[in-house]
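S.K.: Those letters in the sequence shown? Residues 94 to 554, by my numbering.
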Amino acid sequence: MEKSRHFCSAKRFAVTDKVLHTAALCRSAMLPPLFQISKVVTESENLSDTLALLLKIMKEDMEVMRGTVSLFNSRTGKIFIHDSIGLTKEEETRGIYSIGEGIIGKVVETGEKIVVPLISEEPAFLNRTGCLSVLDYSERSFVCIPIARGKKVLGAISIERIYTDPELLDYDVEILGIIAAMIAQAVELYLIENEDNHFLMMENERLRSALKEKFHPSNIIGNSKPMLEVYSLIEKITKTRSTVLILGESGVGKELVASAIHYNSPEANEPFIKFNCAALPESVIESELFGHEKGAFTGADKARKGRFEEADGGTIFLDEVGELSLPMQAKLLRVLQERTFEHVGGNKSIAVTIRVIAATNRNLTKMVETGIFREDLYYRLNVFPIIIPPLRDRKSDIITLAEYFVSRFVKKFGKESKIISTPVQEMLLSYSWPGNIRELENVIERAVILSEDTVIQGSDL
């Protein structure tokens, strides 16, 4: 099998007049793996075990980059990825389609195969799982074959591979067709017995993943060295309830880091309360943070809990903490020291168990030196500092972030998939981004709205 794999590999990448002969030899080389698959299908009573081996053989002997087996739940009308190779669990849970949606949805709808020689030239390819970057589009092929029993389509089997020659994709179609026929009966029996329970389990997992993913460090986009250091600090601090001070320019993602700390801590299911210290006038901040008793001031018709009380057991995130006045700084200092406070207009001490995460774009050290920020409060907050680098210091993340925003806004606005042209990528990399990620997000949102093509051009920026 090893020898046949290398033979097929060598022939795949040689564009010659003997393409059909090469395909025939590759077809012969697949006979032992196909026999192995048929044996497993016959002997195994567990569909997942069967598909796991099937996908493993496809990866090794057909040299696919990724492969999926998607099943159709006729009661919900949804198509979901049951097993895959080359995808993470998170990517699998995103791979849910309606009938007729994307390549997989069209194959299940029509019962006909679809061959895409170049993904970059196929608008119907949605990249729903998010596993492909824009750079992958120009060099990948995609083949999708229905899994059917008679006229009843049960799902689809698909592969993604490096683009070589269209003629050799016909070989893939033939092999996948044989495999689909082999597993069709096992898939049908599985769906009869499990489709309700399995889909509910998948949907449950998808919803849980969506909540956690929203604030998970893996979703703080970027793999530059400065960001890897940030991820390491996040991982360490989530195991404690120590106070955290997040520092960085406006628009770098301080709130996202705070959210990641909370939602990956043991207190993830407890409250996460956010408060912007610069968003309200000073006269309102005290009652917002600490709550008030009935009649404490004009308009206080009833007692009300403050943000610290609401965060009890969880985390409070104080954004723009450098904007607090000195009197409010003194009150915050007491909470940090004693974890107790009183409602405005009250005299009963209220104790809370909370983690405090503060953030600012100000230079607190200079503010301490000039006397506009309390030194004792600074040291109370600066227990575990995390400095978020500006976007100009993480150039290698810019295109990855831009692609992420393109994907997000394409879905939001219901537009066809788009890629970023090379000249636009160069423009993005050469700009200094004073507004950081927030500015990049706004630029990409505008570009997606303006773009009338599948490629974002400089005129769209």
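We put the CB at the ideal spot given by N, CA and C, even for glycine.
Could you pull out every residue in the same chain whose Cβ sits closer than 6 Å to the Cβ of residue 252, ignoring the five residues on either side in sequence?
M.R.: The count along the sequence shown starts at 1 and reaches residue 252 at position 159. 157, 160, 236.
S.K.: Kindly provide the ranges of any alpha helix (DSSP H) runs that are 4 or more residues long and lie completely inside the segment 376 to 444, ordered along the chain.
M.R.: 400 to 403, 419 to 431
S.K.: Cβ atoms of residue 473 and residue 336: under 8 Å apart, would you say?
M.R.: Residue mapping note: residue 336 aligns to position 243 of the sequence shown, counting from 1. Residue mapping note: residue 473 aligns to position 380 of the sequence shown, counting from 1. Less than 8 Å separates the beta-carbon of residue 336 from that of residue 473.
S.K.: Which parts of the segment 326 to 373 are runs of the alpha helix (DSSP H), unbroken and 4 residues or longer, counting only runs that do not cross its ends?
M.R.: Inside the segment 326 to 373, DSSP marks whole alpha helix (DSSP H) runs of 4 or more residues at positions 347 to 356, from first to last along the chain.
S.K.: By the three-class DSSP mapping on this structure, what secondary structure does residue 197 have?
M.R.: Within the sequence shown, the letter at position 104 stands for residue 197. Looking at residue 197 - three-state DSSP - the assignment turns out to be helix.
S.K.: Return helix, strand or coil for residue 245, following the three-state DSSP convention.
M.R.: Indexing the sequence shown from 1 puts residue 245 at position 152. Residue 245: strand per DSSP, three-state reduction.
S.K.: Pick out whichever of 552, 243, 546, 542 has its Cα sitting closest to the Cα of residue 516.
M.R.: Taking the first residue of the sequence shown as position 1, residue 516 is located at position 423. Comparing Cα-Cα distances from residue 516 to each of 552, 243, 546, 542, the minimum goes to 552.
S.K.: Would you mind reading off the limits of the alpha helix (DSSP H) that contains residue 477?
M.R.: As a working mapping, residue 477 is identified with position 384 in the sequence shown. Run containing residue 477: none in the alpha helix (DSSP H); it sits in the beta strand (DSSP E), 477 to 480.
S.K.: Pair every Cβ in the segment 354 to 365 with every Cβ in the segment 401 to 411, then say whether three or more of these pairs are closer than 8 Å.
M.R.: yes
S.K.: Can you find the residues in the same chain that come closer than 6 Å, C-beta to C-beta, to residue 281, ignoring five residues on each side of it along the sequence?
M.R.: Taking the sequence shown and counting its residues from 1, one reaches residue 281 at position 188. For residue 281, the CB contacts under 6 Å within the same chain, skipping 5 residues up- and downstream, are 242, 247 in chain order.
S.K.: What are the uninterrupted segments assigned as alpha helix (DSSP H) that are 4 or more residues long and contained completely in the segment 121 to 194, given in chain order?
M.R.: Runs found: 124 to 136, 140 to 154, 182 to 187.
S.K.: So does the segment 506 to 514 actually touch the segment 535 to 550, counting three or more Cβ pairs closer than 8 Å?
M.R.: Cβ pair count under 8 Å is three or more, so yes.
S.K.: Sort 244, 486, 503 by Cα distance to residue 530 and report the nearest one.
M.R.: The residue given as residue 530 occupies position 437 in the sequence shown. Per the Cα distances, 486.
S.K.: Leaving out the 5 sequence neighbours to the left and right, which residues in its chain are closer than 7 Å to residue 250 when beta-carbon positions are compared?
M.R.: Working through the sequence shown from its first residue, we reach residue 250 at position 157. The answer, listed in chain order, is 162, 238, 240, 269, 272, 273.
S.K.: With 16 as the cutoff for other CB atoms within 10 Å, does residue 383 come out buried or exposed?
M.R.: Counting from one through the sequence shown, the residue named residue 383 turns up at place 290. Classification for residue 383: buried.
S.K.: Tell whether a beta-carbon distance below 8 Å holds between residue 479 and residue 323.
M.R.: Here residue 479 refers to the residue found at position 386 of the sequence shown. Here residue 323 refers to the residue found at position 230 of the sequence shown. A contact, by the Cβ cut-off of 8 Å.
S.K.: Which whole runs of the beta strand (DSSP E) in the segment 471 to 518 are 3 residues long or more, in chain order?
M.R.: 477 to 480
S.K.: Would you be able to state if there are at least three C-beta pairs under 8 Å between the segment 443 to 462 and the segment 406 to 415?
M.R.: yes
S.K.: What's the C-alpha gap between residue 360 and residue 331?
M.R.: The residue given as residue 360 occupies position 267 in the sequence shown. The residue given as residue 331 occupies position 238 in the sequence shown. Rounded to the nearest whole angstrom, the C-alpha separation of residue 360 and residue 331 is 9 Å.
S.K.: Considering only C-alpha positions, which residue in the set 484, 437, 203 is nearest to residue 528?
M.R.: As a working mapping, residue 528 is identified with position 435 in the sequence shown. Closest option to residue 528, Cα to Cα, is 484.
S.K.: Measure from the C-beta of residue 319 to each C-beta in chain B and report whether the shortest distance is under 8 Å.
M.R.: The question asks about chain B, but that chain is absent: this structure has only one protein chain.
S.K.: List the endpoints of the continuous alpha helix (DSSP H) containing residue 465.
M.R.: Position 372 of the sequence shown holds residue 465. Counting along the chain, no alpha helix (DSSP H) covers residue 465, and no H or E run does either.
S.K.: Between the Cα of residue 207 and the Cα atoms of 174, 196, 213, 216, which residue gives the shortest distance?
M.R.: Mapped onto the sequence shown, residue 207 falls at position 114. Of the candidates 174, 196, 213, 216, the one whose C-alpha sits nearest the C-alpha of residue 207 is 196.
S.K.: Excluding the 5 residues flanking residue 305 on each side, which residues of the same chain have their C-beta closer than 7 Å to its C-beta?
M.R.: Translated into the one-based positions of the sequence shown, residue 305 becomes position 212. Confidence at residue 305 is low in this model, with a pLDDT of 49, below 50, so its placement is unreliable and the value that follows should be read with caution. So the qualifying residues of the chain are 356.
S.K.: Would residue 464 be called buried (16 or more neighbouring beta carbons within 10 Å of its own) or exposed?
M.R.: On the sequence shown, position 371 is the one that residue 464 refers to. Under this definition residue 464 is an exposed residue.
S.K.: Looking at residue 396 and residue 386, is the spacing between their C-beta atoms short of 8 Å?
M.R.: In the sequence shown, residue 386 corresponds to position 293, counting from 1. In the sequence shown, residue 396 corresponds to position 303, counting from 1. Taking 8 Å as the Cβ cut-off, residue 386 and residue 396 qualify as a contacting pair.
S.K.: On the premise that residue 411 lies in contact with residue 370, defined as a C-beta separation below 8 Å, what is that separation, rounded to the nearest angstrom?
M.R.: Taking the sequence shown and counting its residues from 1, one reaches residue 370 at position 277. Taking the sequence shown and counting its residues from 1, one reaches residue 411 at position 318. That belief holds up - the Cβ atoms of residue 370 and residue 411 are roughly 6 Å apart, short of 8 Å.
S.K.: Could you pull the DSSP bridge partners for residue 323 from this structure?
M.R.: Counting from one through the sequence shown, the residue named residue 323 turns up at place 230. None; residue 323 has no bridge partner.
S.K.: When you measure from the CB of residue 173 to every non-hydrogen atom of the ligand NAP, does any distance come out below 7 Å?
M.R.: This structure lacks the ligand NAP; in fact it carries no ligand of any kind.
S.K.: Can you look up residue 221 in the DSSP assignment and give me helix, strand or coil?
M.R.: Along the sequence shown, read from residue 1 onward, the residue named residue 221 stands at position 128. In the structure shown, residue 221 sits in coil (DSSP, three-state: anything other than H, G, I, E or B).
S.K.: Would you please state the rounded distance, in angstroms, between the beta carbons of residue 212 and residue 190? I believe it to be under 8 Å.
M.R.: Taking the first residue of the sequence shown as 1, we reach residue 212 at position 119. Taking the first residue of the sequence shown as 1, we reach residue 190 at position 97. That pair is no contact at about 16 Å.
S.K.: Let me know if residue 399 comes out buried or exposed under the rule of 16 or more other beta-carbons within 10 Å of its beta-carbon.
M.R.: Walking along the sequence shown from the start, residue 399 turns up at place 306. Buried, by the Cβ-count rule.
S.K.: Can residue 140 and residue 279 be called in contact, C-beta distance under 8 Å?
M.R.: Along the sequence shown, read from residue 1 onward, the residue named residue 140 stands at position 47. Along the sequence shown, read from residue 1 onward, the residue named residue 279 stands at position 186. Closer than 8 Å, so yes.
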